[in-house]
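In UniProt numbering, the protein residues as written are 1 to 156. Here a beta-carbon is modelled for each residue, glycine too, at the ideal position from N, C-alpha and C. Inspection log for the structure reproduced underneath, given as structure tokens.
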Amino acid sequence: MVEREWMYTGWSRTQPPSNDWIENTNQFLDCAFSMPNLVEDGTIKCPCMICRNCLRHNRLTIEMHLCRVGFKEDYKIWIAHGEGLDSTYVEGGHDDSFPETDRMDEMLASLVGEHPPPIDEQPPAYARAFYRMVQNVDQLVHENTSHSSLATGLAV
Numbered sequence: 001m002v003e004r005e006w007m008y009t010g011w012s013r014t015q016p017p018s019n020d021w022i023e024n025t026n027q028f029l030d031c032a033f034s035m036p037n038l039v040e041d042g043t044i045k046c047p048c049m050i051c052r053n054c055l056r057h058n059r060l061t062i063e064m065h066l067c068r069v070g071f072k073e074d075y076k077i078w079i080a081h082g083e084g085l086d087s088t089y090v091e092g093g094h095d096d097s098f099p100e101t102d103r104m105d106e107m108l109a110s111l112v113g114e115h116p117p118p119i120d121e122q123p124p125a126y127a128r129a130f131y132r133m134v135q136n137v138d139q140l141v142h143e144n145t146s147h148s149s150l151a152t153g154l155a156v
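Shown next as structure tokens:
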């Protein structure tokens with residue numbers, strides 16, 4: 001059994017992430033970015049609460065998303081990041097004599113096959129605008145200043 005509670009107990013909107021959360025998140029990203037079948041043009045699916053494994057980003061953007069909004073809920077089997085649907089995760093323990101199955105996973109697997117089809121459609125305009133803002137947060141307002149667009153916006 002793989003323990004995944006750290007994804008939710010080590011992160012909060014109101015406090016910085018715990019050292020354990022940061023370490024485990026880096027291990028997760030190291031593993032995901034080391035799998036050539038997952039990486040396309042230096043990007044993987046972002047498991048944050050907003051992207052929900054539908055949008056692809058580079059590592060730095062994913063780190064930023066995860067720190068700001070956390071992992072998508074109940075992402076205990078990393079299907080979009082290299083784990084198969086047959087991985088077993090049982091809350092509270094694992095009993096080999098009574099194999100737990102999740103009918104929803106089986107139904108979804110039978111509908112889409114072993115790997116879900118890639119989503120090629122663009123996000124809606126409001127989501128693209130949001131992601132553009134997130135990517136531009138650290139851009140300097142002017143080349144002769146050390147103020148970012150975020151700092152300038154907060155000062156106004």
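Exercise. Comparing alpha-carbon positions, which option in Cys31, Thr145, Cys48 lies nearest Gly82?
Worked result: Cys31
For this session: Sort Ser12, Asp20, Pro16 by Cα distance to Glu3 and report the nearest one.
Result: Asp20
Problem set entry | Chain-order list of residues whose beta-carbon lies under 6 Å from that of Trp11 (same chain, five-residue window excluded) | Pro17, Trp21, Gly70
Problem set entry | Burial state of Ala80, where buried means 16 or more other Cβ atoms lie within 10 Å | buried
Problem set entry | Same chain, Cβ closer than 8 Å to Lys45, five either side skipped, listed in chain order | Leu38, Cys51, Asn53, Cys54, Leu55, Arg56, Ala80, His81
For this session: Look up Gln15 in the DSSP assignment and give the residues it is bridged to.
Result: Ser12
For this session: In the DSSP assignment, find the unbroken alpha helix (DSSP H) run with Thr145 in it and report its ends.
Result: Per DSSP, Thr145 belongs to no alpha helix (DSSP H) and is neither H nor E.
Problem set entry | Environment of Thr14 [buried if 16+ CB atoms lie within 10 Å] | exposed
Problem set entry | Contact check, Asn24 vs Thr43, beta carbons under 7 Å | Against a cut-off of 7 Å, the Cβ pair of Thr43 and Asn24 comes out as no contact.
Exercise. Near Leu66, what residues of its chain come up, given a Cβ to Cβ distance below 7 Å and the 5 sequence neighbours on each side ignored?
Worked result: Taken in chain order, the residues that qualify are Thr25, Cys48.
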